[in-house]
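Colleague: In our numbering, the protein residues as written are 1053 to 1157. Even for Gly, the Cβ is constructed at its ideal location relative to N, Cα and C.
(1) Can you give me the C-alpha to C-alpha distance between residue 1094 and residue 1069, rounded to a whole angstrom?
(2) Considering only DSSP beta bridges, list what residue 1115 is partnered with.
(3) Using CA coordinates, which residue listed in 1057, 1060, 1067 is at the minimum distance from residue 1153?
(4) Given residue 1090, which residues of its chain have a CB within under 7 Å of its CB, disregarding the five upstream and five downstream residues?
(5) So, with DSSP's three-state summary, where would you put residue 1081?
(6) Where do the ends of the beta strand (DSSP E) carrying residue 1106 lie?
(7) Exposed or buried, residue 1113, counting other C-beta atoms within 10 Å across all chains shown (16 or more means buried)?
(8) Rounded to whole angstroms, what is the Cα-Cα separation between residue 1088 and residue 1122?
(9) Please tell me whether residue 1058 has its Cβ less than 8 Å away from any Cβ of chain B.
(10) So, are the CB atoms of residue 1128 and residue 1065 less than 8 Å apart?
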């Protein structure tokens, strides 16, 4: 996609039955055509994602909630808030790389 489009990395998954990891991206739009609010949401989401990977659950949760304040229909942030609740109850360990294992195809 290069510099022609604005994108946002939204997840890192491993599909059931596969060993490789897949990074999921969202296409936001053509460069220069994406609203400032959408770019702000992307930047805030990246901050939340970094906190999530560091297992800094309180910061990740608060920042994903900020994303939802910017856009109440922000689906990925809602998904990560649910995951954080799961991971608080079942901590992934220090060697965790942030990959979410999908159990269904």
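Modeller: In brief:
(1) Taking the chain shown and counting its residues from 1, one reaches residue 1094 at position 42. Taking the chain shown and counting its residues from 1, one reaches residue 1069 at position 17. Going from the Cα of residue 1094 to the Cα of residue 1069 covers about 31 Å.
(2) Taking the chain shown and counting its residues from 1, the one referred to as residue 1115 is at position 63. Residue 1115 pairs with nothing; no bridge assigned.
(3) Walking along the chain shown from the start, residue 1153 turns up at place 101. Of the candidates 1057, 1060, 1067, the one whose C-alpha sits nearest the C-alpha of residue 1153 is 1067.
(4) Position 38 of the chain shown, counted from the start, is the residue given in the question as residue 1090. The residues are 1080.
(5) The residue given as residue 1081 occupies position 29 in the chain shown. Here residue 1081 sits in strand by DSSP.
(6) In the chain shown, counting from the first residue as 1, residue 1106 sits at position 54. From DSSP, residue 1106 is part of no beta strand (DSSP E); its letter is neither H nor E.
(7) Sequence index remark: in the chain shown, residue 1113 carries index 61 (1-based). Answer is buried; the Cβ neighbour count reaches 16.
(8) Within the chain shown, numbered from 1, the residue matching residue 1088 stands at position 36. Within the chain shown, numbered from 1, the residue matching residue 1122 stands at position 70. Approximately 11 Å between the Cα atoms of the pair.
(9) Note that chain B does not occur in the displayed structure, where there is just one protein chain.
(10) Looking up residue 1128 in the chain shown gives position 76. Looking up residue 1065 in the chain shown gives position 13. It is not a contact, given that the beta carbons lie outside the stated cut-off.
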